[in-house]
Amino acid sequence: RKEVEQDPGPFNVPEGATVAFNCTYSNSASQSFFWYRQDCRKEPKLLMSVYSSGNEDGRFTAQLNRASQYISLLIRDSKLSDSATYLCVVLMDSSYKLIFGSGTRLLVRP
Amino acid sequence: GAGVSQTPSNKVTEKGKYVELRCDPISGHTALYWYRQSLGQGPEFLIYFQGTGAADDSGLPNDRFFAVRPEGSVSTLKIQRTERGDSAMYLCASSLASHNEQFFGPGTRLTVL
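So the protein sequences, as listed, match chains A and B. Read left to right, the first sequence gives residues 1 to 110 (my numbering). Read left to right, the second sequence gives residues 1001 to 1113 (my numbering).
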C-alpha cells in the first residue's frame, strides 16, 4: 500500500465550479501535511500547508482529519489557470523527507 | 533572488553510459535534497545533504547512484552504467535548514535509450 494515496483523476470541470480532492495517508506518525501544485513538465511548488484546524487561502481551503488520516483540498470558483496536478504531501515528525502522493490532475475548461 | 537551478534541463544518453546532473541551490541554503519523479508518479526522495555531508542516502536505489556536495553548495548526482529504468525527472530542492520549506529546481529530464 502506498504511504500517500490520491485519486489520479483527471477531474474535468467548467470554469467557476467548485472541486474537491481527497488524499489518505497510512502512517499515523505523519505530522505535517501540504498540498503542492505541479504544472506540466515543471517543478512542484508549495500551494499551502494543512493544519488540524483547517486553513483557507483565497479560493483554496485545506482540511485535515487525523482520526481518519485524510486530507482534502477544496477549490472554489475554478479558473483556467488552476489546471495542474495537485500533489498531497506528508512529512513525518522530525523528518525532512517529503512523501508525495501520485497527484490528482485537474482540467478546468472554458 | 535566484531560485534553485539545475543543468542540463534535458539529458539523453545510451544504456550503459555515465551521467552527471548538477544542482545549484538557493544561496545560503544549507540543506539540499534530490528526488526522482517517474511519469505519473509523485517525486520520491533519493538523498539529503546537510552542508557537505550526505546525512541520508537511504533513497538511492542502488550503488550505481552517487551524489556529492564538496563545498556545501553545488551538488552533483552521478549515475553509472545507466539503465532504461533510470529514465525520469530528477528534481533538486534546497531549504534554509532541514525542517524549512523546500524549494524545487526545474529538474533534469533524463532519458536512457
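In this text, a Cβ means the ideal position worked out from N, Cα and C, and glycines have one as well.
{"query": "Residues sharing a beta bridge with T85(A), DSSP", "result": "Q38(A), R105(A)"}
{"query": "Same chain, Cβ closer than 7 Å to G1051(B), neighbours up to 5 away in sequence not counted", "result": "T1030, G1072"}
{"query": "Within chain A, partners of Q1080(B) - CB distance below 8 Å", "result": "The contacting residues do not exist; Q1080(B) stays about 24 Å from chain A at best."}
{"query": "Short CB-CB distance (under 8 Å) between E1101(B) and chain A", "result": "yes"}
{"query": "Separation of S1087(B) from Y70(A), as counted between CA atoms", "result": "32 Å"}
{"query": "E5(A) Cβ short of 7 Å to the ligand SAH heavy atom set", "result": "This structure lacks the ligand SAH, and indeed carries no ligand of any kind."}
{"query": "CB contact check: Y86(A) to chain B, cutoff 8 Å", "result": "no"}
{"query": "Proximity test, Cβ basis, 8 Å: F1045(B) and chain A", "result": "yes"}
{"query": "Contacts that E43(A) makes with chain B (C-beta to C-beta distance below 7 Å)", "result": "L1091, F1104, G1105, P1106, G1107"}
{"query": "Pair within 8 Å by beta-carbon distance, F1049(B) and R1036(B)", "result": "no"}
{"query": "D77(A) burial status per 10 Å Cβ neighbour count (16 or more: buried)", "result": "exposed"}
{"query": "Cβ neighbours of R105(A) in the same chain (closer than 6 Å, five flanking residues each side left out)", "result": "G9, P10, T85"}
{"query": "Amino acids of chain A, ordered along the chain, whose beta-carbon sits closer than 9 Å to that of A1031(B)", "result": "Y96"}
{"query": "Bridge-paired residues (DSSP) for Q1037(B)", "result": "M1089(B)"}
{"query": "Spatial distance of F1066(B) from S1075(B) (CA atoms)", "result": "11 Å"}
{"query": "Residue-chain proximity (S1087(B), chain A), Cβ-Cβ < 8 Å", "result": "no"}
{"query": "Chain-ordered chain A contacts of G1042(B) [CB-CB under 7 Å]", "result": "L87, F100, G101, S102, G103"}
{"query": "Where R1064(B) sits in the DSSP three-state scheme", "result": "coil"}
{"query": "Rounded distance between the beta-carbons of I1047(B) and F1116(B), thought under 8 Å", "result": "In the structure as shown, chain B begins at 1001 and stops at 1113. Residue 1116(B) is therefore absent and cannot be evaluated."}
{"query": "Under 8 Å by beta carbon: chain A residues contacting S1098(B)", "result": "Y96"}
{"query": "R37(A) burial status per 10 Å Cβ neighbour count (16 or more: buried)", "result": "buried"}
{"query": "Any chain B beta carbon closer than 8 Å to L107(A)", "result": "no"}
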